[in-house]
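For reference, the structure is listed below as structure tokens.
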Amino acid sequence: MDRILDMIEYEIALLNRLTNAISPKLGKLDRSGYILLSKVIDGNPAGINEIAEELKLNVSTASRQVAALEEKEYISRTPDQKNGRISLITITDLGREVFNSVKKARTDAYAAILHNWPKKDLEELESSLSKLNSALVLWNRP
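Reading the sequence shown from the start, the letters are residues 77 to 218 in our numbering.
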């Protein structure tokens, strides 16, 4: 079991390095901006606390990421009608355009990388990654 866990750890470290190396070629968004925009792309406004909790960030980190996206005009803040002390984060048309462009570039890149994989292998990869991400979320809960 130790050898398997050693190999999993190594493969994840290598995956992180390789994906970080190609990320700049895939558009105008860094990883944190991409993930944050993915949380508001559906049109449902969210508060900073909600975003921080969902992304497992502290509120100050989430606030900095929101400020960076707001400066680029990818998101906007509007007062919450129920609680004026809270700002709701909404994606702008420009933010939606940039997000969709980056998502397409990323999807196209993975399509090219995985083009010769059988559908069954792709389904297994998706399932395994989903299970790993779910386990990481549960493990990382306070």
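C-beta: ideal position from N, C-alpha, C; glycine also.
Beta carbon of residue i nearer than 8 Å to that of residue j
{"i": "ALA211", "j": "ILE165", "result": "no"}
{"i": "LEU145", "j": "GLY171", "result": "yes"}
{"i": "LEU105", "j": "LEU94", "result": "no"}
{"i": "GLU130", "j": "LYS115", "result": "yes"}
{"i": "SER108", "j": "GLN141", "result": "yes"}
{"i": "ILE167", "j": "ILE117", "result": "yes"}
{"i": "LYS132", "j": "ASN216", "result": "yes"}
{"i": "VAL178", "j": "LEU91", "result": "no"}
Classification of residue i by the beta-carbon crowding that lies within 10 angstroms, buried from 16 upward
{"i": "VAL174", "result": "buried"}
{"i": "ILE98", "result": "exposed"}
{"i": "TYR150", "result": "buried"}
{"i": "ALA138", "result": "buried"}
{"i": "ILE189", "result": "exposed"}
{"i": "ILE124", "result": "buried"}
Those residues which DSSP pairs with residue i across a bridge
{"i": "PRO100", "result": "In DSSP, PRO100 forms no bridge with anything."}
{"i": "ILE165", "result": "ALA122 and ARG153"}
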